[in-house]
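Written out below as structure tokens is the structure these notes cover.
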Amino acid sequence: MAFTIAHWMLLTIATVSTLFGVVFLTIIIHRLSWHPLHRVPGPKLAAVSNVWHAYHARNGRMMSLGRTLHEKYGPVVRVGPNEVWLNSKDAFSRIYSATQGFEKSSFYIALALNRPELTSTLSLCFPDTLDLLGEFDLERYRLQRRLIGPIYHKRNLLKYEETIDAVMTGVVEHLRALSGTEVDLKEWMHIITVECLSAIVLSWSPGYLRAGTDFGSSGHSYLGWRRKSVFGLFPAAEIMDNYSRSLGRLFAKVWGLTFTPPAKFKPFFPAVGNKCMRRINAALRSNPPNDKRRDLAYELIELHKSRPEFKSTYLKRMVMTNFGAGHETTTSTLIGVLSMLGSHAEAQDQVRDEVLQQEYVKGDGYANACTLTYTEACIKEAQRLHPVIGMSLSRTVPACGMEIDGFYFPPGTTVGCSPVALHQNSDIFGPNAKDYRPNRWRQGDHAKIMDRYNLIWGGGARTCPGRALAELIVQRVVSTLIKEFYIQVSIPAEEDMPMYFMAMLTGVKACFRARDAKPPRHD
């Protein structure tokens with residue numbers, strides 16, 4: 104009897120294993136030979152499974168992947184069983200158009216602030232909250248953008264220039280006291296960004312500048328993007344995590360996505376979240392205090408009072424979104440700009456000359472900003488070469504299907520452009536697209552083409568709503584630092600700087616030497 108049971112157990116195991124192997128082999132053959140995308144060039148392993156894509160995302164290789172894949176396979180590359188990257192003007196115009204019907208892909212489930220729930224029909228239901236990055240309901244998104252649009256218009260935001268300048272006065276004083284000591288550029292740009300945002304939004308300081316550290320919050324937050332980048336490629340895992348945190352943690356552990364916070368780590372968002380909620384709750388009481396602060400939080404609170412469709416949930420989320428969406432993207436931009444200026448002495452000298460020649464006229468900041476044309480060109484060129492998004496801004500092909508660049512993509516196919524590849528496309532940016540040449544942005548009609556075909560601030564109808572605020576901070580910070588300091592940087596090799604969906608130059612060391620001190624030699 105024992106032999107018979109053992110025999111049947113072995114036979115069952117062998118049968119199940121064989122069936123599993125046959126199914127697995129059939130899937131592989133189908134994806135390589137019969138799938139609608141089987142003719143699209145790309146790595147064979149990528150066509151078989153998202154594991155290939157996730158492996159590179161987990162290892163932070165998304166920037167190099169964006170460049171090398173298109174160099175090897177051309178403008179259309181299959182990077183997953185059902186995902187394709189494209190790199191052309193036509194692809195950009197179609198995918199990110201407001202009228203073509205492309206919606207955000209399931210990748211964004213991992214980026215959503217509130218996870219969706221499965222309905223009885225197994226469709227996803229997203230809560231009605233304000234989530235400008237992860238929102239799937241386009242009509243809801245458009246309503247939210249219309250409501251906040253006047254507040255985040257550049258003309259309205261100009262009044263916060265003095266707020267930024269007040270923060271920068273403290274920054275300059277602190278950096279001067281360092282007497283050229285080498286610092287971590289990422290940490291310092293994060294300190295400056297968070298201090299500026301805190302002052303603009305809440306008339307408050309988190310104490311980072313006073314302490315001279317961000318207590319490890321930037322490094323901790325950036326590692327979180329490794330998890331989001333991998334989970335985004337397996338949206339079922341993100342949904343599963345919503346119902347069983349244990350399963351989600353197991354998936355993260357298998358992929359090596361867990362990490363230990365750095366020593367002396369102090370999380371930023373609990374503190375700023377409490378600050379935001381106290382401010383809002385006090386303002387919405389029946390007898391609110393006489394609060395004379397006139398900051399961005401005040402403007403959003405007044406919007407809620409005057410426009411009931413800007414619900415209290417929208418208000419609370421939007422006040423926090425200034426920090427959640429702004430602290431890393433602005434930090435990344437500042438790192439890129441100063442890394443380029445710090446490693447290109449001639450460009451830095453020209454920016455400094457332009458800033459010094461432009462006497463700042465109080466109350467007329469916009470007119471002055473428009474005259475800093477070379478400074479603006481340097482900022483754009485750094486954003487082009489070092490975009491804050493390292494992975495494709497993926498969209499889903501609509502129900503009608505679509506032919507792009509000679510290939511037909513059936514409904515439901517995930518398509519998108521990799522910013523780093525698009526930004527080095529010679530058809531758009533010229534034959535020297537890989538080089539740092541700020542003057543390309545001062546070439547009239549060509550500059551208009553480059554402004555049209557880039558993903559610096561997102562794609563088409565879903566561009567960053569906080570763009571004007573970020574641009575204001577970046578320009579004031581860059582012009583102040585270049586005016587006051589000679590900046591030198593040491594940039595690590597690309598393979599030593601991990602890039603995920605959020606991309607940031609890490610490990611860059613910088614020296615800020617006061618301009619009234621002896622200038623450094625540029626060897």
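Numbering (this note's numbering), first residue to last: 104 to 626. Glycine included, C-beta positions come from ideal geometry on N, C-alpha and C. Since the structure is predicted, the reported quantities are computational estimates derived from the model, not experimental observations.
If we count the other Cβ atoms within 10 Å of its Cβ and call it buried at 16 or more, is residue 378 buried or exposed?
The residue in question, residue 378, is buried, as its Cβ has 16 or more Cβ neighbours within 10 Å.
Name the DSSP beta bridge partners of residue 189, please?
179.
Give the DSSP-derived three-state secondary structure of residue 607 in the structure shown.
Note: residue 607 maps to coil in three-state DSSP.
Would you identify the three-state DSSP class for residue 124, choosing helix, strand or coil?
Three-state DSSP puts residue 124 in a helix.
Take residue 315 and list the residues in its own chain whose beta-carbon comes closer than 7 Å to its own, dropping the five residues that flank it on each side.
Closer than 7 Å at the Cβ level, and outside the excluded window around residue 315, lie 277.
Would you kindly work out how many angstroms separate the C-alpha atoms of residue 609 and residue 327, rounded to a whole number?
Roughly 15 Å separates the two Cα atoms.
With distances taken between CB atoms, is the gap from residue 532 to residue 487 smaller than 9 Å?
Closer than 9 Å, so yes.
Measuring CA to CA, which of 575, 320 and 302 is closest to residue 293?
Comparing Cα positions, the closest option is 320.
Evaluate residue 206 with the Cβ neighbour count: other Cβ atoms within 10 Å of its Cβ, from every protein chain shown; 16 or more gives buried, anything less gives exposed.
Result: exposed.
Taking C-beta to C-beta, are residue 596 and residue 283 nearer than 9 Å?
No. Outside cutoff.
If I measure Cβ to Cβ from residue 537 and keep anything under 7 Å in the same chain, skipping five residues before and after, which residues do I get?
Hits under 7 Å: 527.
Taking all protein chains shown into account, do 16 or more other C-beta atoms lie within 10 angstroms of the C-beta of residue 447, making it buried, or fewer, making it exposed?
Classification for residue 447: buried.
For residue 346, report the span of its beta strand (DSSP E) as first-last.
Segment 338–346 is the alpha helix (DSSP H) holding residue 346; no beta strand (DSSP E) there.
So what's residue 395 in DSSP terms, helix, strand or just coil?
Three-state result, residue 395: coil.
From the DSSP output, which residues share a beta bridge with residue 510?
The partner list for residue 510 (beta bridge, DSSP) reads 507.
Leaving out five residues on either side along the sequence, give the residues of the same chain with a beta carbon under 7 Å from the beta carbon of residue 300.
425, 426, 429 and 430.
What would DSSP say about residue 591, mapped onto helix, strand or coil?
Residue state, collapsed to three classes: strand.
Cutting at 8 Å between CB atoms, please list the residues of its own chain near residue 443, excluding the five before and the five after it.
The answer, listed in chain order, is 450, 481, 484, 485, 488, 489 and 539.
On a CA-only basis, which of 606, 363, 346 and 372 is nearest residue 420? Give me that one, please.
The residue with the shortest Cα to Cα distance from residue 420 is 372.
Thinking C-beta only, is residue 396 closer than 9 Å to residue 306?
Yes; because the gap between Cβ atoms is below 9 Å, this pair is in contact.
Nearest-angstrom Cα distance between residue 619 and residue 399?
The straight-line gap from Cα to Cα measures roughly 36 Å.
Measuring straight from C-alpha to C-alpha, what distance separates residue 422 and residue 401?
C-alpha separation (whole angstroms): 10 Å.
Would you mind stating whether residue 153 and residue 525 have Cβ atoms separated by less than 9 Å?
Not in contact: residue 153 and residue 525 (Cβ atoms no closer than 9 Å).
Which one of 273, 264, 358 and 369 has the shortest CA to CA distance from residue 587?
Here the closest residue by C-alpha is 273.
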